[in-house]
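In the working numbering, the protein residues as written are 168 to 438. Where is the CB? At the ideal position from N, CA and C, for every residue including glycine. The next block holds one structure in the form of structure tokens; read it before the comments.
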Ligand SMILES: [Zn+2]
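Have a look at this one:
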């Protein structure tokens, strides 16, 4: 698996990029909590607008992160995530939706081929994934919690890029960002049952039963598996080793912090 690069700026901003997506004409990044202006339980880089943080601070955080990525903040298109499998085709008219004006859609995945239209996915333990096809020049972003992982949201995003823009899975570059890892994602039997219902015996290597009867589930590895199954080449998939729940000094973690927290964002944009 290819890797990730961490960028630590003099301002205090820290974010990651995936080596698979370090390509000309493309900008992207995975945020951390470091480098924003929010305070208290939102300190400091909270990119979630509706979590109780002051809107002016969240917008200032977007300006900081987007400036570092060199993408137009005012044109960001935000997902409205509902743990389902819908993929929204983002058009020029969606510029600014969810950030500077209301959304009229719900979708856990966004795709577009419009330049200078940053796609934004949120997470705080769930798995953020980003996609780029350098041949047809289209991009995607998807939020994969355990429900979305079982619904195959990552494969559905790749399939939608093919159906809408003609992208071939074997050309698509993918990045699976920071999220809760196997070490911290302890679940009851419902999560492994959902993975086995979706993927059969192929899910088994990513599910471990503990002595106490609970399970540990490797969501990032299952998403990588689902992408390979959809035809994405292993060398085109970067998987972050970072566990959001292990390192709450650097990441927002719903499992560790509950609702008293900010949100991470993954952003991708054609330039
Ligand atoms: Zn962990």
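Check your understanding: Looking at the unbroken alpha helix (DSSP H) that takes in residue 339, where does it start and where does it end?
Key -> Element bounds for residue 339: n/a, residue is neither H nor E.
Review point. Counting by C-beta, which residues lie closer than 5 Å to a heavy atom of ligand 1, in chain order?
Key: 348, 350, 351, 410, 412, 413
Check your understanding: If you draw a straight line from the C-alpha of residue 215 to the C-alpha of residue 355, how long is it?
Key -> 28 Å
Check your understanding: Considering only residues of the same chain and omitting the five flanking positions on each side of residue 318, which have a CB-CB separation below 8 Å?
Key -> 251, 252, 365
Check your understanding: Under the rule that 16 or more other beta-carbon atoms within 10 Å means buried, what is residue 330, buried or exposed?
Key -> exposed
Point to revise | Contained alpha helix (DSSP H) runs [length at least 4] in the stretch 192 to 262, N- to C-terminal order | key: 222 to 236
Review point. Residue 195 and residue 434 look like a contact to me (Cβ under 8 Å); what is the Cβ gap, rounded to whole Å?
Key: 6 Å
Exercise for review: Could you tell me the boundaries of the alpha helix (DSSP H) in which residue 449 lies?
Suggested key: With the chain represented from 168 up to 438, any question about residue 449 goes unanswered, as that position is not in the structure.
**Study point:** alpha helix (DSSP H) segment containing residue 359, residue limits
**Key:** 357 to 366
Review point. How would you call residue 399, buried or exposed, if buried means at least 16 neighbouring beta carbons within 10 angstroms?
Key: buried
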